[in-house]
Every structure is written in structure tokens, then in C-alpha cells.
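Trainee: For the sequence shown, position 22 matches number 22 in UniProt numbering, and the numbering has no gaps at all. We put the CB at the ideal spot given by N, CA and C, even for glycine. Computed from a predicted model, the values in this text were never measured in an experiment.
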Amino acid sequence: MNPQPAQPVIDTHVILRDGDKLLFSQRGGPYGHGRWHMPSGKLDRGESLSAGAARELLEETGVAVDPDHLRMVHVVHHRQSDTVERIGFFFVATEWSGDPVNQEPAKCLGLEWFSVHELPEDIIEYPKEGLLGYLKDSGSLTEHGWA
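1. In whole angstroms, give me the CA-to-CA distance for V84 and S115.
2. Is it buried or exposed for V9, if we count other Cβ within 10 angstroms and need 16 for buried?
3. Which residue comes first and which comes last in the alpha helix (DSSP H) that contains G130?
4. Are the stretch 14-28 and the stretch 87-107 touching by the rule of at least three beta carbon pairs closer than 8 Å?
5. Determine the DSSP secondary structure at R45, reduced to helix, strand or coil.
6. Opposite Q26 in the DSSP bridges: which residues?
7. When DSSP labels each residue in this structure, what does residue 159 get in the three-state scheme?
8. In terms of residues, what are the limits of the beta strand (DSSP E) holding A93?
9. Put H78 into one of helix, strand or coil per three-state DSSP.
10. With a threshold of 8 Å, are at least 3 pairs of Cβ atoms found where one atom belongs to the stretch 134-142 and the other to the stretch 42-60?
11. I think W113 touches L23, with their Cβ atoms under 8 Å apart; what is that distance to the nearest whole Å?
12. Look at the Cβ atom of M1, then the Cβ atom of L131, and state whether they are nearer than 8 Å.
13. Is it the case that the CB of E56 approaches a heavy atom of the ligand MG more closely than 7 Å?
What follows is the structure, given as C-alpha cells:
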């Protein structure tokens, strides 16, 4: 029996950083309702990682960032279920234009800045692993949900 090649969902996450403050969004949809995460979304076919991250940030927050100014800081290989795997690429943005506004009120309850020293307690586990990998500088890869 030949094993099937993995077909993971590819996600981009943007850590919008202003000094020691990070922008979080509060989920409004069924997955993780009321919990926190960074602006993120699925990569579109034919799109580069940095372009996808910049697009998702703009769609969700109205903040424009040049994809060349995004710095990839961590990767998470996440096992969501027996049939779904995700690979999340985490980028930091420190240069942008515009003020964050909730552009997707049907999916997001709100946007809020938090200090890196006082993160929200209820961050969704998968994006939290990428954020902590970046903040703790614990290498470039986290494998989450495999054990």
C-alpha cells in the first residue's frame, strides 16, 4: 500500500507589531468563537506566501503592508484532525500604512492591541504556538497536534 502525499492547508499569519504591542483579532465564527488570534487566512492558489499574508492583513484589518517588508519568523505544522493538516507561516510586520479597523464584522468580534508582556489568555492553540515560537525565539518550526 502506497501512502498518500500530504495535502495540507497553507495558512499565513501576520504578527502586526508596534513596539511591544501586537494586534489580535477576536474570532466571531464558529471555530474558536470569542478566542484570540492574529490576522490570518488561507493562501490562494498561485499566490506567494508574503503576498497572501499581506492580502489577508488588508482584507481583515484595512492595514496595508508591502510583502517585501514582512519577515517570516516561524512555521507551525499543525495536525487539526485525522484528515486535516495545516502548515502556518508566521510573519512579522513592523512597517505599514493605515489604522487597523475590523473589516470583517461577520467573522471578527473586534481588534485589540496587547502588550507582548500581557498577552490575552484565550489565544487559539495553533496560532499561539507560532506566536510563542517567535517571541521565545525557540527555533523555526513547531509541530503541533502530532503526539
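Mentor: On the basis of the supplied data:
1. 32 Å
2. exposed
3. 125-135
4. Enough Cβ pairs lie closer than 8 Å, so yes.
5. coil
6. W36, G110
7. Outside the displayed span of the chain (1 to 147) sits residue 159, for which this structure offers no information.
8. 85-93
9. strand
10. Pairwise C-beta distances place the stretch 134-142 out of contact with the stretch 42-60, as fewer than three of them are shorter than 8 Å.
11. 6 Å
12. The answer is no: Cβ separation not under 8 Å.
13. Absence of the ligand MG is noted for the structure shown, with no ligands found whatsoever.
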